[in-house]
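Note sheet for the following structure.
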Amino acid sequence: WAARHALRRADALRTVSPFTAALAERAAGVPPVESFPGYIDLAAFVERPALPLPEAPGALFVGMLERSKDIGLLTRAWPLVAREVPEARLVVVGRGALVELVERLRDDYPDRVVHIPELLPSGIAEQLDASRCLVVPSRSEGLGRVIIESFARGRPVVATRVGGIPDLVRDEVTGLLVQNGDAEALAAAMIRLLADRELASRLGAAALEFSRELRWTPDDYAARVRTLVDRTLASSTR
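Written out as structure tokens, the structure is:
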């Protein structure tokens, strides 16, 4: 109720994605004035050219180890992936309440699953370079910053079709989308990219090209916000 009331009383509404714009309009009947992502510092991801995909198949997860990110879905899918692509490797970066799920998976696959609690952006960029795809198995997502970071390094994304993810990940173009909660579908999509470097490279190249549309400088972002604020102030004083 409080959120709907605030939306209805706002002089202007800016959302981060078409998904959140539709959500706000459904919740309060208020269409957004603007819809654009928050500023993302991509310096660590664009300061050097994207590298070719590695020969060794590897997948990467970056995020909180929480229910909303559904790390459990990934841990259920991985044994299916490991069976079909025996040389595949999984790196999980993140902390959270469900860390035990990752630790158990690491114990089951000690040579093929790595858990790193935390990394700086430069470290995430390095892990993306060493991976063939990023995996985003979320139950919900407003947009997905890590997807943009992955695209900036030329890496395709395997993700669930929820929230704002489809606003970024175009199925069979910049990545592969699967049904939320379906471990077999997630595993099948991961297997496709881990077993087919040519396919992963093609999707990664499209992802890299798309990422260029999202590379704003701080001045670019500030100018867009200022334009929105100035327009709102001007209309509210009429």
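Per the numbering used here: the sequence shown = residues 66 to 303.
Note that the Cβ used here is the ideal one computed from N, Cα and C, for glycine as well.
Would you check if the distance between the CB atom of residue i and the CB atom of residue j is smaller than 8 Å?
i: F126; j: V164; result: no
i: G246; j: G228; result: no
i: A224; j: V234; result: yes
i: S196; j: V156; result: yes
i: R140; j: L170; result: Arg is not the amino acid found at residue 140; the sequence shown has Thr there. Their beta carbons are under 8 Å apart, which means T140 touches L170 by this criterion.
i: L184; j: R218; result: no
Within 10 angstroms of the Cβ of residue i, are there 16 or more other Cβ atoms? Answer buried if so, exposed if not.
i: E237; result: exposed
i: P114; result: exposed
i: A142; result: buried
i: M129; result: exposed
i: V178; result: buried
i: T239; result: buried
i: R148; result: exposed
My output table needs one value for residue i: the three-state DSSP class, helix, strand or coil.
i: D135; result: coil
i: G269; result: helix
i: A77; result: coil
i: A153; result: coil
In chain order, what residues of the same chain have a beta carbon less than 6 Å from the beta carbon of residue i, not counting five sequence neighbours either side?
i: A109; result: P186, S187, A190
i: V211; result: V127
i: A254; result: V223, L241, V243
i: R154; result: G123, R177
Once the 5 residues before and after residue i are set aside, which same chain residues still bring their CB inside 7 Å of it?
i: L264; result: R257, L258
Would you say the beta carbon of residue i is closer than 7 Å to some non-hydrogen atom of the ligand ADP?
i: R169; result: Ligands are entirely absent from the displayed structure, and the ligand ADP is therefore not among its contents.
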